[in-house]
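This report refers to the structure that appears directly beneath it.
Number of protein chains: 2
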Amino acid sequence: MLELDKLFNPGTVAVVGATPKEGKVGNTILKNLVASGTGMLSIYAVNPKYDRIQGLKCYPSLNEIDVKGDIDLAVIAIPASGVPEVLEQCGERGIKNVVVISAGFKEAGREGAVLESELVKLARRYKLNLVGPNCLGIINTYANLNATFGKTTPDRGSIAFLSQSGAFALAVIDWAKAARVGFSKIVSLGNKAVLDECHFLEYLAKDPDTAVITMYLEDVSEGSRFMSVASEASRTKPVVVMKSGVTEAGAKAASSHTGSIAGSVEAYRAAFAQSGVVEAASIQELFDFSLSLSRIRSIKGGIAIVTNSGGPGVMAADAIEGSGLELATFERGTMEKLHALRLANSYNPVDVRGDATTDEFGTALNIVAEDGHVGAIIAILSPTAPIEFDKAGDYVVAINAKKPVVPVFMGGETVMSAVEALKKRGIANYFDPVRAVESLRAVRDYEERHERVSEPPPHFSVDAERVREQIRHKPGFELLKAYGIPVPAYGKAETPDEALEIADRIGYPVAMKIISPDIIHKTDVGCVKLNVNRGKVKESFFEIMRRGEKYTTARRIEGVLVQQMVEGGKEVIIGMKRDRHFGPLLMFGLGGIYVEVFRDVSFRIAPLSMSDAKEMIRDVRAYRILHGVRGEPMSDIDSLVNVLLRFSQLCVEFPEILEADLNPIKVFEHGKGCYVVDFKMISSD
Amino acid sequence: MLELDKLFNPGTVAVVGATPKEGKVGNTILKNLVASGTGMLSIYAVNPKYDRIQGLKCYPSLNEIDVKGDIDLAVIAIPASGVPEVLEQCGERGIKNVVVISAGFKEAGREGAVLESELVKLARRYKLNLVGPNCLGIINTYANLNATFGKTTPDRGSIAFLSQSGAFALAVIDWAKAARVGFSKIVSLGNKAVLDECHFLEYLAKDPDTAVITMYLEDVSEGSRFMSVASEASRTKPVVVMKSGVTEAGAKAASSHTGSIAGSVEAYRAAFAQSGVVEAASIQELFDFSLSLSRIRSIKGGIAIVTNSGGPGVMAADAIEGSGLELATFERGTMEKLHALRLANSYNPVDVRGDATTDEFGTALNIVAEDGHVGAIIAILSPTAPIEFDKAGDYVVAINAKKPVVPVFMGGETVMSAVEALKKRGIANYFDPVRAVESLRAVRDYEERHERVSEPPPHFSVDAERVREQIRHKPGFELLKAYGIPVPAYGKAETPDEALEIADRIGYPVAMKIISPDIIHKTDVGCVKLNVNRGKVKESFFEIMRRGEKYTTARRIEGVLVQQMVEGGKEVIIGMKRDRHFGPLLMFGLGGIYVEVFRDVSFRIAPLSMSDAKEMIRDVRAYRILHGVRGEPMSDIDSLVNVLLRFSQLCVEFPEILEADLNPIKVFEHGKGCYVVDFKMISSD
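Going down the list, the protein sequences come from chains A and B.
If you're matching positions, the first sequence starts at 619 in this note's numbering and goes up one per residue.
If you're matching positions, the second sequence starts at 619 in this note's numbering and goes up one per residue.
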């Protein structure tokens, strides 16, 4: 692990490319460093053109800074072509931390990419912690460090924000200042030539100033490393991600934007879920979720609503029902205490009436907070005449110390000072009850996801050697058998007599299919015979061969597969596509219409844990069909879990398998197992 | 239709219950009227306890106001029990418009409900336009009328806002003032004892100051009237509704709140869609949608994105892809012009680069606006150094005159003055590109929905008389036949000889089923025989009777149904449930698993138009199965449209049918029709 402590907490900073010209990046960075680092930070300006800038002595180059001791951080804002030379100087001068602001690298085309690979080489040689290039810089509010060219320094707070888009980071900093959202650290990742999201995730997971790690990503540098680092981080604190470039149109734009090629939505979604990462679908969600997770980590019970106006209470109840959270059912004592207050209703949502005073509202909040079934409270107030919002805010703060309260103070001018006071305590107010509910839903997401991430995948003893032999020339059922995946009994016949011999061994009836690399849709060309009895084996052999020969040359026909007939059962599909970022992406679904029409499938990245495999099966809507509808017996789900886990191991152990389909798998009732009836795969080479 | 002109544009207003006591409702209303109506409005205070209030002469009662001419409006804010007497006075004094602020009516329990029915009687007798009771009042910004007890008067704007929750209206007024959202009129509907949402919809549809009608509803007073009035209104201008109480939990709260019982989600959703109403799921959507619809009515083409930062551009592209809108594909000329500008990319999203100036951004906007494929533009700007937001705002305003532009100026302080300037032009800015896209999606929703509402339902000549005879005692296939709905040939046999005779007439094989009101699940108790050949008819008759008699008394067995066997085909379901608000709610879906597991069904309120019926079928995800997957022939969809339309007419003409299921209907390939194989119904009486 890299040591990033001095990167975020430097005592001395050099700005290479500092300039007195207003509006230039090298000017703004120097100003920001001077303004934010008052007294704490030694700053050196570097530019051969000037002697002094902003009252500081200016050095012609890093080499010529004639001070004793280390320089902890160099911020480089000069034209791209000059950056390698400066990195050399960093290496020689023993500067370990570098932020390369300069653009003109990978994002700018082939030449830039070559230049960027030079940066990577130099960073390796000198063991540099290099941020960027093509980035806005970094901020550590707790070290009074603003090494960016943003217009303002954000307030202190507990959210660490990583952004793969510098312009977006710029916008967020500007917005956050006005919206009074605080940050612990901000990192503009740029092209991620050396340091990427994983390095910062590792560091921030241990950062005591950071309660939530919030990221805007366009891709991840290394999928499996991301999953392991994010899993580890999310065990300690929430990680919230907005990933763009999810759709086809979006992905097109992303690839032209930073030269990164976005992976498939499904792979990212599965990877995030399996790593405990909470996903946000919009900027609003990104910060709503981060703010709620910065103070609420878990909801132990249902949601209570206390409101002075029925309408908005109903809106919140609707949203809770739709979100998968539960509306709390109060304990008897709570109902009695509320009833004694003579409210509009003493069940949930609690309506204290439009003419209630602030104290009546506060009393109701207190009663509800004492209820053991209540995990969090949404406190809704319309600006009626008797309500004093500042006082209501005090109630929220006090009760929030016992149980999470999300305030929905609805209004403008009237609620403003109360809302500001709440913000200072880290409590976000929402005008819209639906947003308040969504912010709690994110907490539930985090809770459920991060509890799951610790389970290791099981390991089966398999005959990997057999697979290694087979995989190049004859992939097929042998491969599955070697991994203990159940397939029907079968044999390969090159003559009618062999066919009969194999069929006698398997038992009747049998299925017979041509074996030829040229014939994909075997059934369509009459090269499959089902339910073949003993008397028909030879005849079928001849017919299949004859039809096959019409279709391709005899040389490309390897024989006829004689296979145990597998009848009845329900059809499921297990598939794998190797994702360029995350590796084997497994898919599960019920056969035919469910996959084709309803796209009713679930995804996970291999290796799967036992609970991953179970969840994958339960996640499809058609699960009820396996579980048994209309009094049908339950299917043998355990046998499918077994196939998923073994197939997962196969895909992990054989990276040369690029895509594979176990389709159909026929699953029988509980205890009777399943069989993979057909298998297709594409391998590299 | 009621004449509400004087209600919203009174020359003289009396406030009954005016008081000098600060903080009281009767005090605030008087103040608001005086403050808003400066010089324009004659105001009379009424209260027997005072001689003068706020400098105005105070009258002991309405009767004693000794001025000539009409009083246009009375606002009543006295205890509930005194309201009927005041209404009498209104009637006698010829005051036609009354706003009853007072609470303590239907929402307060049984006694209140009795009192409310007195108001209704008096309003009828004197032909009063009565708003409320239990409401906040009304506002007409263009007539300088604020007859509410809110804390502030909103700005003028083009949104008319109706709210069934007074507290919510209060919150919206307060918020809107700070958010600078303007209104034409605001109406707090209260208990809707006399005037309801429909009266105001009719009035506002013709109101030249109103561009969008925005409503918060907890129920509708009369479903079919709502549908016809809303359809009419939405033909002229957008109607946006947030309906609460959609979920079970929500509905519970709603019923205790205003005494209204919320209807089912599906019925409301169908009714809104069929009436051209745009639905909002949150307060944020309600106003985002209203604001965009107040200036954009239609999007003729795809969406273009112009941005100075790749990340947010990708976010917008993702959201467009997810929303059902299309990303515009540029004309060749556009690409060439953009290419000449040397941008990061000249296709959509257009990335003008982070170092672009405001003019470069404006130029790109102009080029894109000229493109014939572009229907609307999302203009995204991060606060980079070269961007001047005020100037960028001017570009947006100018280009918006030619083609709708939604600005996404991302920032806080930096963008503030530009955002305020845009607001004054009625153009809302979004920090989040996803919200900008959603606001355009609402425009598309409106476009699609309101284009559809004009089509009348078809009318079939049917044998309604036969249904009328049948419906009481023998509902069944006869009823469907009378409406021209295809059913298999059948007959009712009371003896084995009759059974044979009927079967001979139908042709073999036949199906045979017991007829008994006591036996619901006929198959389960062995009272159904399928594929019966001639030789087995009598034997089957005896067996069915014998089994039926085990199950119920012979007296309750009416005989055996002998029916044409309908084999093959795909199974679909058509059903109807009479919704308490909207009447016959029709359902369509594919049989079995699709309905039970996937809930893959569509709903419409009868009567259906031809396109309603077609859409209902296309709306289910399993439509592809009817359309034919894997080379299967297409099912006879026209025959299903025919059944839907005829069944719709049946449900409309026979309100005594409360619920009905045509399940299964077997549909064959195109041209071969469909048959309703089984039919169940529940009727009143």
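Just so you know, even glycine gets a beta-carbon here, dropped at the ideal spot from N, CA and C.
In this text, all values refer to a predicted model and were calculated from it rather than measured experimentally.
Strand pairing of residue i, partner residues [DSSP]
i	result
A/Glu1277	A/Lys1195 and A/Ile1300
A/Asp969	A/Thr925 and A/Asn963
B/Gly755	B/Thr766
B/Val1285	B/Lys1188 and B/Cys1292
B/Cys676	B/Ala663
B/Leu1203	B/Lys1195 and B/Ile1223
B/Gly1177	B/Ile1133
A/Leu999	A/Phe1027
Where residue i falls: helix, strand or coil (DSSP)
i	result
B/Ala1240	coil
A/Lys1147	strand
A/Cys1292	strand
A/Ala869	Confidence is the limiting factor: at A/Ala869 the pLDDT is only 45, short of 50, which leaves the residue's position unreliable and the question unanswerable from this model.
B/Gly580	Absent from the model: residue 580 of chain B. The displayed extent of chain B is 619 to 1303, so no value can be given.
B/Val633	strand
A/Glu1069	helix
A/Glu836	coil
B/Gly877	Residue placement at B/Gly877 is flagged as unreliable, the pLDDT there being 24, under the threshold of 50; the coordinate-derived value follows with that caveat. If DSSP states are grouped into helix, strand and coil, B/Gly877 belongs with coil.
A/Gly730	helix
B/Ala946	coil
A/Val718	strand
A/Arg1043	coil
B/Arg915	coil
B/Leu748	strand
Neighbouring residues, chain B, relative to residue i (Cβ below 8 Å)
i	result
A/Gly929	Ser781, Gln782, Ser783, Ala785, Phe786, Tyr834, Glu836, Ser862 and His875
A/Thr637	Going along chain B, no residue has its Cβ under 8 Å from A/Thr637, so there is no contact; the nearest lies around 13 Å.
A/Ile1211	Ala1240, Ile1243 and Val1247
Buried versus exposed call for residue i [16 or more other C-beta atoms within 10 Å across all chains shown]
i	result
B/Val1180	buried
B/Pro1251	exposed
B/Asn1151	exposed
B/Ala1121	buried
B/Val738	exposed
A/Ile1300	exposed
A/Ala653	exposed
B/Glu1313	Examination of residue 1313 of chain B is not possible in this model, given that chain B is present from 619 through 1303 alone.
A/Ala958	exposed
A/Pro1365	The displayed coordinates of chain A run from 619 to 1303. Any statement about residue 1365 of chain A would go beyond what the structure contains.
A/Val858	buried
B/Asn963	buried
A/Phe905	buried
B/Ala872	Confidence in B/Ala872 is poor, its pLDDT being 39 and thus under 50, which makes the residue's placement unreliable; the coordinate value appears in the next sentence. That one is buried.
B/Lys639	exposed
A/Pro772	buried
A/Phe1160	exposed
A/Glu729	exposed
Per-residue contacts from residue i into chain E (C-beta, under 9 Å)
i	result
B/Ile901	Reference to chain E is not applicable here, since the protein chains of this structure are A and B.
Under 7 Å by beta carbon: chain B residues contacting residue i
i	result
A/Glu1031	Asp792, Lys795 and Ala796
Beta-carbon neighbours of residue i, restricted to chain B and to distances below 9 Å
i	result
A/Arg728	What A/Arg728 touches in chain B: nothing, since even the nearest Cβ is about 15 Å away.
Per-residue contacts from residue i into chain A (C-beta, under 7 Å)
i	result
B/Lys769	Pro1001 and Thr1032
Which runs of the beta strand (DSSP E) fall wholly inside the segment 764-827 of chain A and span at least 3 residues, in chain order?
774-781 and 801-806
If you scan the segment 1106-1160 of chain A from start to end, which runs of the beta strand (DSSP E) of 3 or more residues do you find wholly inside it?
1108-1111, 1128-1133 and 1146-1150
For the segment 1209-1264 of chain B, list the alpha helix (DSSP H) runs that are entirely contained and at least 4 residues long, ordered along the chain.
1211-1214, 1228-1237 and 1241-1245
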